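Notes follow once the structure below has been shown.
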């Protein structure tokens, strides 16, 4: 090879390495560039006052993640009426203290939670191609080693002691205090599932006062709306919650696709919903019912893939407003 061609090849190789390094550095920075995404959903009864709902998910906390802890603590400044956490809170052992510290200001607000698989077990390095298998995308029961188990009981106890509803294959209420002495507290009817991604989901009914048939008006005027919760947005769960009459469904798990290609978008959703639904607020239709669906882009990232080229990490602030008459 002539000398000048060798030199050009060396320049090209160096440029490729430099360009790859820049892209990798940018992707790593994106994983720390936390954002608040704001949405509006008309799910309340006509004339109802708005409700500010903060949706957090996929924190994937590890020790010494000081920037993440500080950002999560700052979310209390948004003064939400209610906080919902849709799971995958931990990334490794010994991260429970950091997580509880990060969420401490938010635990002062009414809330609810459902777990993800990475509330129960630490993550392990997997073959990336496994995420494309049909079996994997249908949700399956996965066996973990005993030493992979995280201290999820202490984490859940901290949430429950603060008054948050554990909606894992369960239902209940979130009560929002009245803003003045002349009005009654408003209640959100909640039903949720354990993580469908590892086959633990079992949809239950609504709380007793909100069990009217799908499409019927909730008789108790203090019931603000019906909220369905799941960590992973699998079709079977979304369809069940929608046909049951959920007004709003919240999910996480996807990390907004985490890896996206220019001009194409998210490569996978890591579930059986389309990659284009991997983040954001939209609607989900099942049978003759329609529900609003918000899929959180998540606060954290996999500890084995600690960068993002798609949606930046963050939380969703959803203002719930009255429906149009």
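In this note's numbering, the protein residues as written are 113 to 437.
C-beta atoms are modelled at their ideal positions from N, C-alpha and C, and glycine is treated no differently.
These numbers come from a predicted model, not from an experiment.
N-terminal and C-terminal residue of the beta strand (DSSP E) that residue i is part of
i: residue 290; result: Neither: residue 290 is in no beta strand (DSSP E) and is coded neither H nor E.
i: residue 206; result: Where residue 206 is concerned, there is no enclosing beta strand (DSSP E), given that its DSSP letter is neither H nor E.
i: residue 435; result: Careful: residue 435 lies outside any beta strand (DSSP E) and carries neither H nor E.
i: residue 407; result: 401 to 407
i: residue 394; result: 392 to 398
i: residue 171; result: No beta strand (DSSP E) contains residue 171, which DSSP labels as neither H nor E.
i: residue 360; result: 360 to 363
Sequence-distant residues of the same chain with beta carbon closer than 6 angstroms to residue i, five excluded per side
i: residue 271; result: 225
Distance between residue j and residue i (C-alpha atoms, nearest Å)
i: residue 291; j: residue 233; result: 40 angstroms
i: residue 240; j: residue 380; result: Note that residue 240 scores 46 on pLDDT, short of 50, meaning its location in the model is unreliable; the coordinates nonetheless yield the value given after this. When rounded, the distance between both Cα atoms is 11 angstroms.
i: residue 430; j: residue 258; result: 38 angstroms
i: residue 170; j: residue 158; result: 33 angstroms
i: residue 382; j: residue 160; result: 37 angstroms
i: residue 194; j: residue 276; result: 10 angstroms
i: residue 154; j: residue 396; result: 14 angstroms
i: residue 372; j: residue 421; result: 5 angstroms
i: residue 406; j: residue 386; result: 14 angstroms
i: residue 345; j: residue 229; result: 13 angstroms
i: residue 198; j: residue 295; result: 30 angstroms
Run of the alpha helix (DSSP H) containing residue i, from where it starts to where it stops
i: residue 201; result: Neither: residue 201 is in no alpha helix (DSSP H) and is coded neither H nor E.
i: residue 266; result: 264 to 273
i: residue 354; result: 347 to 355
i: residue 178; result: 178 to 186
Residues that DSSP places opposite residue i in a beta bridge
i: residue 278; result: 225
i: residue 234; result: Bridge partners of residue 234: none, in fact.
i: residue 261; result: 233
i: residue 150; result: 429
i: residue 303; result: 283 and 340
i: residue 372; result: 378
i: residue 195; result: 166 and 223
Residues near residue i in its chain [Cβ-Cβ closer than 8 angstroms; skip 5 each side]
i: residue 196; result: 165, 166, 167, 168, 223, 224, 225, 339, 341 and 362
i: residue 336; result: 156, 157, 160, 163, 288, 298, 299, 300 and 432
i: residue 176; result: 210
Contact with chain D by residue i, beta-carbon distance below 9 angstroms
i: residue 283; result: Of the protein chains in this structure there is only one, and it is not chain D.
Closer than 8 angstroms: residue i CB and nearest the ligand COA heavy atom
i: residue 314; result: Ligands displayed in this structure: none; no statement on the ligand COA is therefore possible.
Close beta carbons around residue i, own chain, < 7 angstroms, minus the five adjacent residues each side
i: residue 368; result: 378, 390, 391, 409, 410, 422 and 423
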